[in-house]
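Sequence positions in the sequence shown follow the numbering used here and run 5 to 740.
Idealized CB from N, CA, C, for every residue including glycine.
The next block holds one structure in the form of structure tokens; read it before the comments.
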Amino acid sequence: MRYFLLIALSTHSFGHNFLSPLATLRSAHSTLSHAFTRRRPYPTIQMEETLRKALAEKQSAVDSQGNAVRALKAAKAAKADVDAAIEALNGLKLEKASIEKQLQAAVSGGGGADGSLNREAFRQTVNNTLERRLFYIPSFKIYRGVAGLYDYGPPGCAVKSNVLGFWRQHFVLEENMLEVDCPCVTPEVVLKASGHVDKFTDLMVKDEKTGTCYRADHLLKDFCNEKLQKDLSITAEKAAELKHVLAVLDDLSSEELGAKIKEYGITAPDTKNPLSDPYPFNLMFQTSIGPSGLSPGYMRPETAQGIFVNFKDLYYYNGNKLPFAAAQIGQAFRNEISPRQGLLRVREFTLAEIEHFVDPENKSHPKFSEVAKLEFLMFPREEQMSGHSAKKIPLGEAVSRGIVNNETLGYFIGRVYLFLTRLGIDEDRLRFRQHLANEMAHYAADCWDAEIESSYGWIECVGIADRSAYDLRAHTDKSGVALVAQEKFSEPREVEKLVINPVKKELGLAFKGNQRMVVEALEAMNEKEALEMKATLESKGETEFLVCTLGKNVTITKSMVTISKEIKKEHQRVFTPSVIEPSFGIGRIIYCLYEHSFYTRPSKAGDEQLNVFRFPPLVAPIKCTVFPLVQNQQYEEVAKVISQSLTTAGISHKIDITGTSIGKRYARTDELGVPFAITVDSTSSVTIRERDSKDQIRVDVEQAATVIKEVTDGRTTWADVWSTFPHQSSASADDD
5 MRYFLLIALS
15 THSFGHNFLS
25 PLATLRSAHS
35 TLSHAFTRRR
45 PYPTIQMEET
55 LRKALAEKQS
65 AVDSQGNAVR
75 ALKAAKAAKA
85 DVDAAIEALN
95 GLKLEKASIE
105 KQLQAAVSGG
115 GGADGSLNRE
125 AFRQTVNNTL
135 ERRLFYIPSF
145 KIYRGVAGLY
155 DYGPPGCAVK
165 SNVLGFWRQH
175 FVLEENMLEV
185 DCPCVTPEVV
195 LKASGHVDKF
205 TDLMVKDEKT
215 GTCYRADHLL
225 KDFCNEKLQK
235 DLSITAEKAA
245 ELKHVLAVLD
255 DLSSEELGAK
265 IKEYGITAPD
275 TKNPLSDPYP
285 FNLMFQTSIG
295 PSGLSPGYMR
305 PETAQGIFVN
315 FKDLYYYNGN
325 KLPFAAAQIG
335 QAFRNEISPR
345 QGLLRVREFT
355 LAEIEHFVDP
365 ENKSHPKFSE
375 VAKLEFLMFP
385 REEQMSGHSA
395 KKIPLGEAVS
405 RGIVNNETLG
415 YFIGRVYLFL
425 TRLGIDEDRL
435 RFRQHLANEM
445 AHYAADCWDA
455 EIESSYGWIE
465 CVGIADRSAY
475 DLRAHTDKSG
485 VALVAQEKFS
495 EPREVEKLVI
505 NPVKKELGLA
515 FKGNQRMVVE
525 ALEAMNEKEA
535 LEMKATLESK
545 GETEFLVCTL
555 GKNVTITKSM
565 VTISKEIKKE
575 HQRVFTPSVI
585 EPSFGIGRII
595 YCLYEHSFYT
605 RPSKAGDEQL
615 NVFRFPPLVA
625 PIKCTVFPLV
635 QNQQYEEVAK
645 VISQSLTTAG
655 ISHKIDITGT
665 SIGKRYARTD
675 ELGVPFAITV
685 DSTSSVTIRE
695 RDSKDQIRVD
705 VEQAATVIKE
715 VTDGRTTWAD
725 VWSTFPHQSS
735 ASADDD
């Protein structure tokens with residue numbers, strides 16, 4: 005995401021020690037039967053990068069061999085030597101043509117050689133399935149909808165609820181976090197202090213004839229990507245220029261962005277009309293609180309500010325001890341200029357955010373050793389700047405080498421990795437990218453994004469930032485309430501202390517009713533500000549001073565304040581805590597999970613492709629289905645008994661007593677991602693079918709709900725169940 009406030013505004017935009025249900029799909033038994041489902045549905049970005057590098061190397065080899073042929077001819081070498089060199093050159097040209105063909109297929113046209121779809125075709129298939137099965141629906145559809153607004157249907161709500169439930173378990177419960185729930189409507193003064201009112205903007209351009217609005221950076225980004233991906237004829241110099249533009253895109257001013265749009269001849273996508281110069285547009289939805297309209301407010305663009313303004317009470321609730329973390333799940337709102345990319349860029353969305361408050365002088369973490377051995381794709385800024393790709397780095401090594409700033413930040417990166425992979429995100433299409441210098445706020449110590457590859461490319465889904473003490477200081481300055489922590493010393497310490505003594509009599513005469521606010525602002529100055537004021541007062545006798553609570557500058561004279569340094573004995577240290585902030589875009593994670601879980605397989609007759617979502621039981625909208633094999637009263641009674649047992653065990657399920665063939669019923673529920681199906685074909689025992697392998701076991705009626713409960717809770721795996729119970733031939737059940 006790109007906002008001018010970016011890191012400054014938390015623009016990113018959740019365990020118990022248990023066996024992950026995902027292990028069911030990664031068991032030894034399932035590995036072979038599921039091998040085909042792990043095939044990439046479309047060419048990956050990494051594949052494109054590999055092909056581009058291979059093409060450049062092959063072009064270099066062709067050039068070199070061409071020079072060799074010319075040298076042999078100039079030297080009038082033997083015909084046999086010349087012919088051999090020409091034959092080698094032709095071979096290299098054929099190899100180059102083959103790579104070009106593969107690259108063209110990967111970036112623009114049809115599917116890959118392995119039968120994979122191109123990105124657009126795959127995305128369309130996934131979205132058609134999601135919408136047809138009511139995972140989501142365009143909001144207000146009968147009124148033609150509103151861009152950037154979507155409703156979740158029954159299975160979508162269930163998936164979202166399961167993801168949020170696991171987030172609470174994995175983060176709030178495991179880390180003993182304090183959960184809060186704050187209002188969506190936020191007074192203007194809060195968002196003024198945080199900087200959102202002044203800086204939460206994107207640059208917008210308009211179609212000069214129709215008035216249609218577009219995000220300026222999106223148009224430039226699309227142009228660069230289009231040229232890089234679909235124009236294989238551009239020179240290496242031009243490609244390097246376009247990549248540089250993409251790298252510094254977030255750092256371009258409105259003037260620089262407008263100049264690039266003009267230089268590249270970018271026009272309105274729909275009409276090809278000329279575009280206006282870029283200008284800022286604030287993304288917050290404005291409202292007013294109360295009927296008078298005198299108390300302005302906004303729909304919150306993030307959930308973090310509610311935690312920051314409650315810090316003092318949360319710190320007290322936690323026994324005045326650090327570190328501690330507070331968490332919040334809730335709706336956030338951003339008035340996107342031109343929403344696109346479906347569920348990935350919307351105007352109302354769910355955020356799950358954590359603010360972990362820590363002593364800035366000690367950012368170690370007692371549980372870091374639990375994640376230190378994790379190894380996954382990381383993309384440090386040095387690798388990005390040098391044109392390299394992400395590579396697997398052990399997390400402990402990344403922290404020890406200083407790639408990741410501190411242990412607490414590293415700990416949360418590791419926990420985010422475990423959270424996403426246990427949900428079902430493909431670890432090979434998940435990377436942690438470090439923010440470049442032009443993306444970092446001046447106060448931020450470090451910042452990483454968990455990016456997931458989808459058919460849209462790499463999508464930022466989680467931001468993990470060390471925001472230092474910026475937020476608490478900003479609200480302290482604006483509210484006049486000290487949001488600080490204390491460390492009590494075992495023995496008093498002598499320290500050189502800056503002392504600010506406002507002369508209240510002089511301030512009262514000068515500012516009358518505003519005296520208190522001026523005094524509080526003077527006392528809240530940091531050391532640098534105070535020493536600068538002292539120097540100015542001594543040289544000039546007066547200085548201009550911004551009082552945030554008044555919203556204006558006032559004149560302070562030498563007689564109004566004394567500033568000095570004194571040696572004092574202190575019994576405690578008072579400081580503003582730093583904040584480590586993991587921020588999760590729940591809708592983005594869920595959409596990427598849909599793509600990573602989706603695959604197709606041929607029907608039994610081989611005449612059609614059946615859609616399947618391979619959701620782990622952890623997040624599946626329905627854990628189990630119950631099917632009487634045929635319409636039979638006895639079978640239906642058994643199905644009802646099993647359904648009651650599943651309900652008692654807390655297992656979401658669906659009972660289907662229609663007369664449709666069992667194969668078609670399996671196919672319907674596979675398309676919803678249901679991992680297990682119980683088929684009632686006798687009054688004493690039933691079969692349990694696993695979705696991806698289509699393997700079936702036979703169990704007693706009384707055991708069915710227990711088996712499903714143990715597998716879906718992760719207490720056992722399908723491989724264990726498979727080795728314990730008798731097997732059932734799928735053919736006898738008329739499988740799909």
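>> Taking a contact to mean a Cβ-Cβ separation below 8 Å, would you say Arg471 touches Glu455 in this structure?
In response: One-based indexing of the sequence shown puts residue 471 at position 467. One-based indexing of the sequence shown puts residue 455 at position 451. Cβ distance not < 8 Å, so Arg471 and Glu455 don't count as in contact.
> What span of residues does the alpha helix (DSSP H) with Thr716 cover, start to end?
Replying inline: Indexing the sequence shown from 1 puts residue 716 at position 712. It spans 708-716 - the alpha helix (DSSP H) in which Thr716 sits, taken as one unbroken run.
> Does the distance from the CB of Ile682 to the CB of Arg592 come in under 8 Å?
Replying inline: On the sequence shown, residue 682 is found 678 positions in, with the first residue counted as 1. On the sequence shown, residue 592 is found 588 positions in, with the first residue counted as 1. Going by C-beta atoms, Ile682 is not nearer than 8 Å to Arg592.
> Tell me which same chain residues have a C-beta within less than 6 Å of the C-beta of Gln345, skipping the five on either side of it?
Replying inline: The residue labelled residue 345 in the question sits at position 341 within the sequence shown. Only Tyr460 meet the Cβ criterion.
>> I need the DSSP call for His369, collapsed to helix, strand or coil.
In response: In the sequence shown, counting from the first residue as 1, residue 369 sits at position 365. If DSSP states are grouped into helix, strand and coil, His369 belongs with coil.
> If you draw a straight line from the alpha carbon of Thr604 to that of Glu340, how long is it in whole angstroms?
Replying inline: Along the sequence shown, read from residue 1 onward, the residue named residue 604 stands at position 600. Along the sequence shown, read from residue 1 onward, the residue named residue 340 stands at position 336. Rounded to the nearest angstrom, the two C-alpha atoms are 34 Å apart.
> Going by beta carbon distance, what residues of the same chain come within less than 7 Å of Val150, once the five residues before and after it are set aside?
Replying inline: As a working mapping, residue 150 is identified with position 146 in the sequence shown. Beyond the five residues adjoining it in sequence on each side, Val150 comes within less than 7 Å, by CB distance, of Ser143, Phe144 in the same chain, given in chain order.
> Between the beta-carbon of Phe631 and the beta-carbon of Ile358, is there less than 8 Å?
Replying inline: Translated into the one-based positions of the sequence shown, residue 631 becomes position 627. Translated into the one-based positions of the sequence shown, residue 358 becomes position 354. For Phe631 and Ile358, no; Cβs fall outside 8 Å.
> Where do the ends of the alpha helix (DSSP H) carrying Gly591 lie?
Replying inline: Mapped onto the sequence shown, residue 591 falls at position 587. Boundaries of the alpha helix (DSSP H) around Gly591: 590-601.
> Curious, which full-length beta strand (DSSP E) runs of at least 3 residues does the stretch 117-151 contain?
Replying inline: Unbroken beta strand (DSSP E) runs of no fewer than 3 residues, entirely contained in the stretch 117-151, are found at 140-142, following chain order.
>> Rounding to the nearest angstrom, what Cα-Cα distance links Asp704 and Asp674 in this structure?
In response: As a first step, residue 704 is located in the sequence shown; it is residue number 700 there, counting from the start. As a first step, residue 674 is located in the sequence shown; it is residue number 670 there, counting from the start. Roughly 24 Å separates the two Cα atoms.
> Counting along the chain, where does the alpha helix (DSSP H) carrying Leu385 start and finish?
Replying inline: Against the sequence shown, residue 385 aligns to sequence position 381. Here the sequence assigns Arg to residue 385, which means Leu is not the residue at that position. Start and end: 385-389.
>> Need the endpoints of the alpha helix (DSSP H) that Asp453 sits in, please.
In response: One-based indexing of the sequence shown puts residue 453 at position 449. Per DSSP, Asp453 belongs to no alpha helix (DSSP H); it is in the beta strand (DSSP E), 450-458.
>> So that I know if they touch, is there some Cβ in chain D lying closer than 8 Å to that of Lys482?
In response: Looking for chain D here will not work: only one protein chain is present.
> At which residue ranges does the stretch 613-686 contain complete beta strand (DSSP E) runs of 3 or more residues, listed in the order of the chain?
Replying inline: 613-617, 628-632, 657-659, 680-684, all fully within the stretch 613-686.
>> Going by beta-carbon coordinates alone, are Leu502 and Leu487 separated by less than 8 Å?
In response: Taking the sequence shown and counting its residues from 1, one reaches residue 502 at position 498. Taking the sequence shown and counting its residues from 1, one reaches residue 487 at position 483. No.
>> Within the continuous alpha helix (DSSP H) that includes Leu476, where are the two ends?
In response: The residue given as residue 476 occupies position 472 in the sequence shown. Counting along the chain, the alpha helix (DSSP H) containing Leu476 begins and ends at 474-483.
> Within the chosen definition, does the stretch 374-384 reach the stretch 396-404 through at least 3 CB pairs nearer than 8 Å?
Replying inline: Using a C-beta cut-off of 8 Å, the stretch 374-384 makes contact with the stretch 396-404, since at least three inter-stretch Cβ pairs fall below that distance.
>> Tell me the DSSP secondary structure of Lys213 in three-state form.
In response: Mapped onto the sequence shown, residue 213 falls at position 209. Assigned with DSSP and collapsed to three states, Lys213 falls in coil, not helix or strand.
> Could you give the C-beta distance for Leu55 and Ile103, rounded to a whole number, given that I count them as a contact under 8 Å?
Replying inline: Locating residue 55 in the sequence shown gives position 51, counting from the first residue. Locating residue 103 in the sequence shown gives position 99, counting from the first residue. Yes, Leu55 and Ile103 are in contact; Cβ-Cβ is about 6 Å, under 8 Å.
> Hey, would you say Ile626 sits closer than 8 Å to Ala162, going by beta carbons?
Replying inline: Residue mapping note: residue 626 aligns to position 622 of the sequence shown, counting from 1. Residue mapping note: residue 162 aligns to position 158 of the sequence shown, counting from 1. In contact: Ile626 and Ala162 (Cβ atoms closer than 8 Å).
>> So, with DSSP's three-state summary, where would you put Arg437?
In response: Working through the sequence shown from its first residue, we reach residue 437 at position 433. Here Arg437 sits in strand by DSSP.
>> I'd like the list of long-range same chain contacts for Thr728, defined as Cβ closer than 6 Å, with 5 residues on each side in sequence excluded.
In response: In the sequence shown, residue 728 corresponds to position 724, counting from 1. Contacts found: none.
> Straight-line CA distance for Gly677 to Ser587?
Replying inline: Stepping through the sequence shown from its first residue, residue 677 is reached at position 673. Stepping through the sequence shown from its first residue, residue 587 is reached at position 583. Approximately 27 Å between the Cα atoms of the pair.
> Considering only residues of the stretch 201-272, which uninterrupted beta strand (DSSP E) runs meet the minimum length of 3 residues and lie entirely inside it, listed in chain order?
Replying inline: Here the runs fully enclosed are 205-210, 217-219.
> Could you check where the beta strand (DSSP E) with Leu355 kicks off and where it finishes?
Replying inline: Within the sequence shown, the letter at position 351 stands for residue 355. Per DSSP, Leu355 belongs to the beta strand (DSSP E) from 352-362.
> Any idea if Leu107 is buried or exposed, counting beta-carbon neighbours within 10 angstroms, 16 or more meaning buried?
Replying inline: Within the sequence shown, residue 107 is the residue found at index 103, counting from 1. The C-beta of Leu107 has 16 or more other C-beta atoms within 10 Å across all chains shown, which makes the residue buried.
>> With a threshold of 8 Å on Cβ separation, who are the neighbours of Val130 within its own chain once the five nearest residues in sequence on each side are excluded?
In response: Working through the sequence shown from its first residue, we reach residue 130 at position 126. Taken in chain order, the residues that qualify are Ser459, Tyr598, Glu599, Phe602.
>> Quick check on Glu498: does DSSP put it in helix, strand or coil?
In response: Numbered from its first residue, the sequence shown carries residue 498 at position 494. Strand at Glu498.
>> Quick check: Asp155 and Ile141, are their CB atoms within less than 8 Å of each other?
In response: Position 151 of the sequence shown, counting from 1, holds the residue named residue 155. Position 137 of the sequence shown, counting from 1, holds the residue named residue 141. At the C-beta level, Asp155 and Ile141 come within 8 Å of one another.
>> Which residue marks the beginning of the beta strand (DSSP E) containing Ser568, and which one marks its end?
In response: In the sequence shown, residue 568 corresponds to position 564, counting from 1. Ser568 -> beta strand (DSSP E) spans 565-579.
> From Val466 to Ala308, what does the alpha carbon distance come to, in whole angstroms?
Replying inline: Counting from 1 along the sequence shown, the entry for residue 466 is found at position 462. Counting from 1 along the sequence shown, the entry for residue 308 is found at position 304. Near 14 Å, if we compare the C-alpha coordinates of Ala308 and Val466.
>> Buried or exposed, going by whether 16 or more other CB atoms sit within 10 Å of the CB of Arg669?
In response: Walking along the sequence shown from the start, residue 669 turns up at place 665. Burial call: buried.
>> Just to confirm before moving on: does the CB-CB distance between Val66 and Ala89 stay below 8 Å?
In response: Working through the sequence shown from its first residue, we reach residue 66 at position 62. Working through the sequence shown from its first residue, we reach residue 89 at position 85. No, they are not a contact pair.
> For Pro159, does the three-state DSSP call read helix, strand or coil?
Replying inline: Here residue 159 refers to the residue found at position 155 when the sequence shown is read from its first residue. DSSP places Pro159 within a helical segment (H, G or I) once states are collapsed to three.
> Name the DSSP bridge partner or partners of Glu527?
Replying inline: The count along the sequence shown starts at 1 and reaches residue 527 at position 523. As computed with DSSP, Glu527 is found in no beta bridge at all.
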